[in-house]
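Take any residue in the sequence shown, count from 1 to its spot, add 504: that is its number in my numbering. Don't be surprised by glycine CBs; every beta carbon is placed ideally from N, CA and C. Below is one structure; the comments refer to it alone.
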Amino acid sequence: MSSGEPISLDELCAQNADQFLGRLVQELKERGGPTYQQMPVAVLESRVRRLFDAFWQAVSQNSAQPLADYVWTTGRERGHEGFAVAELHSVALCLRDTLLDAVDEAYADQPELHLRYSRQVEELIFSGISKGVEGFVDAREALIARQYRALRRNQEPRE
């Protein structure tokens, strides 16, 4: 990709953020599921930007925590909004594919960096998927518990 000193994954994200975001929006519109396909582009762009920013923070801080926190909260929100868990998985895979394509291109001639950054992307995405599903399930379980309590109240004998 460049001559001279190789750039870090953090720098790669910084230099290509707009390109990554455009590709993610396009991918989600094409294969993200019905909720993402029907979502207004401006809303989708905003959501994708926040996800990418959380990923970028995780990379720049060398910690999965910023991404884990974001996707856990987002998983809960999407659970309340009626998304299917498969749609959340699609987002993660679209982000993964976009980033791995960039890593493949940027570090094609630098096998050690290619391997290191590919692994970092994979680890962050898969830990993010786990946290997102935890948040999603937590929200759905809370919803079911509320519905169950409401049903029980409606079935209690009245005097």
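Residues of its chain near residue i, where Cβ-Cβ distance is below 8 Å and the 5 sequence neighbours each way are ignored
i    : result
A649 : none
L647 : G583, H584
Nearest-angstrom Cα separation, counted from residue j out to residue i
i    : j    : result
V625 : V563 : 9 Å
Q541 : P661 : 46 Å
R656 : V589 : 28 Å
S634 : G586 : 19 Å
E616 : M543 : 40 Å
D613 : L619 : 11 Å
R653 : R600 : 40 Å
Identity of the residue in the options nearest residue i by Cα
i    : options                : result
Q561 : G639, R620, D514       : D514
L571 : L516, G639, H584       : G639
L528 : E581, I633, N566, D605 : D605
G632 : D601, Y652, A596       : A596
L603 : A521, P510, E645, E509 : A521
Q519 : L619, F556, H618       : F556
E531 : V641, T577, C598, P510 : C598
Neighbourhood of residue i by C-beta, 6 Å cutoff - its chain only, sequence neighbours within 5 removed
i    : result
G636 : V575, G579, L592
Whole-Å CB distance - residue i paired with residue j, under 8 Å assumed
i    : j    : result
L525 : V547 : Not really, about 14 Å apart at Cβ, beyond 8 Å.
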